[in-house]
Amino acid sequence: GENVEQHPSTLSVQEGDSAVIKCTYSDSASNYFPWYKQELGKRPQLIIDIRSNVGEKKDQRIAVTLNKTAKHFSLHITETQPEDSAVYFCAASGDTGANSKLTFGKGITLSVRP
Amino acid sequence: NAGVTQTPKFRILKIGQSMTLQCTQDMNHNYMYWYRQDPGMGLKLIYYSVGAGITDKGEVPNGYNVSRSTTEDFPLRLELAAPSQTSVYFCASRKPGQIYEQYFGPGTRLTVT
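As they're listed, the protein sequences go chains G and V.
Everything in the first sequence is counted per the working numbering, starting at 1 for the first residue and increasing by one.
Everything in the second sequence is counted per the working numbering, starting at 1001 for the first residue and increasing by one.
Written out as structure tokens, the structure reads:
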């Protein structure tokens, strides 16, 4: 089955700096790669996602890049703010039926220092 | 829409007791999922369903059972609670087709002592 690895496990940045979080996946059949943000005590919420036919996607201060050949994808957060402090999970899946199952990485705790 | 709702929010069980975690969604989503989240371990899939009457095992199904008699409801049953089932449980749902986002419920924090 799919295996998603996420590194580093913790990341601390100064407010205003950029943060990059990387994930690797193992199953070349995976074609959907979401990033979820989870604040303390809250549910995971989708912040951005990318499909395998796209190399990069951007939404305001966040962007995701995908390298299918190397089987890795990254989350980029620019101009970080204290409210970006949270746990971020990457995941991978196929699209339909049994392949719609998401396999999550273990998460990274991002701390933004004011 | 209320989205995905879960009850209860918190529960403490004694070893060997049973309980059902409820999950309901009002978005007419065919696909539903149950995850458990342990500290530092991400989310692990327990069971999932692609429609009413259809369920299948995920990565960590032992000790759990599910049913899916309606599109809206996807309850998770713990038959003989064990300390290893202490966790936060999330239910999620999504549409089939081109929109892949999974919507999560608020979670149930379960402690087995």
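Ideal Cβ placement from N, Cα and C applies to all residues, glycine included.
Note that the structure is a prediction, hence the values are computed from the model and not measured.
Quick check: what's the CA-CA separation for residue i versus residue j?
i, j, result
"M1019 of chain V", "P8 of chain G", "37 Å"
"R1011 of chain V", "G41 of chain G", "15 Å"
"Q1102 of chain V", "Y1035 of chain V", "12 Å"
"G1097 of chain V", "N1028 of chain V", "13 Å"
"S1067 of chain V", "T1005 of chain V", "17 Å"
"S30 of chain G", "A1052 of chain V", "25 Å"
"G1016 of chain V", "A1081 of chain V", "5 Å"
"I1099 of chain V", "D84 of chain G", "25 Å"
"D27 of chain G", "A70 of chain G", "11 Å"
"V112 of chain G", "F89 of chain G", "17 Å"
"I108 of chain G", "S12 of chain G", "10 Å"
"T115 of chain G", "A91 of chain G", "Any property of residue 115 of chain G remains undetermined from this structure, which presents chain G solely from 1 to 114."
"K37 of chain G", "L46 of chain G", "6 Å"
"S52 of chain G", "D59 of chain G", "17 Å"
"A1092 of chain V", "V1050 of chain V", "12 Å"
"T1086 of chain V", "K1009 of chain V", "14 Å"
"D17 of chain G", "K68 of chain G", "27 Å"
"K1057 of chain V", "K1095 of chain V", "19 Å"
Under 7 Å, do residue i and residue j count as touching if we go by C-beta distance?
i, j, result
"T10 of chain G", "H72 of chain G", "no"
"Y1064 of chain V", "I1046 of chain V", "yes"
"R43 of chain G", "F1104 of chain V", "yes"
"H76 of chain G", "V20 of chain G", "yes"
"K101 of chain G", "S93 of chain G", "yes"
"D1073 of chain V", "T1111 of chain V", "no"
"F104 of chain G", "G1040 of chain V", "no"
"D1026 of chain V", "N1001 of chain V", "yes"
"L1076 of chain V", "L1021 of chain V", "yes"
"E15 of chain G", "P114 of chain G", "yes"
With a threshold of 8 Å on Cβ separation, who are the neighbours of residue i within its own chain once the five nearest residues in sequence on each side are excluded?
i, result
"D49 of chain G", "Y32, F33, P34, W35, K57 and V64"
"G1115 of chain V", "The displayed coordinates of chain V run from 1001 to 1113. Any statement about residue 1115 of chain V would go beyond what the structure contains."
"P1083 of chain V", "I1015, V1112 and T1113"
Ordered along the chain, which non-local residues of its own chain (more than five positions away) have a Cβ less than 7 Å from that of residue i?
i, result
"G55 of chain G", "T65 and L66"
"K22 of chain G", "H7, H72 and S74"
"G1107 of chain V", "Q1006, V1088, Y1089 and F1090"
"P1061 of chain V", "I1046 and Y1047"
Between which two residues does the beta strand (DSSP E) holding residue i run?
i, result
"E56 of chain G", "E56 to D59"
"I1099 of chain V", "Run containing I1099 of chain V: none; DSSP gives neither H nor E here."
"S1087 of chain V", "S1087 to R1094"
"T69 of chain G", "First-last for T69 of chain G: undefined, no H or E at that position."
"L102 of chain G", "Run containing L102 of chain G: none; DSSP gives neither H nor E here."
"K1044 of chain V", "L1043 to G1051"
"E5 of chain G", "V4 to H7"
"V20 of chain G", "A19 to Y25"
"T1111 of chain V", "T1108 to V1112"
"N1065 of chain V", "Y1064 to V1066"
"S1069 of chain V", "Per DSSP, S1069 of chain V belongs to no beta strand (DSSP E) and is neither H nor E."
Just to confirm my understanding: we take residue i, look at its own chain, exclude 5 residues before and 5 after, and list those with CB closer than 6 Å. What are they?
i, result
"E39 of chain G", "A86"
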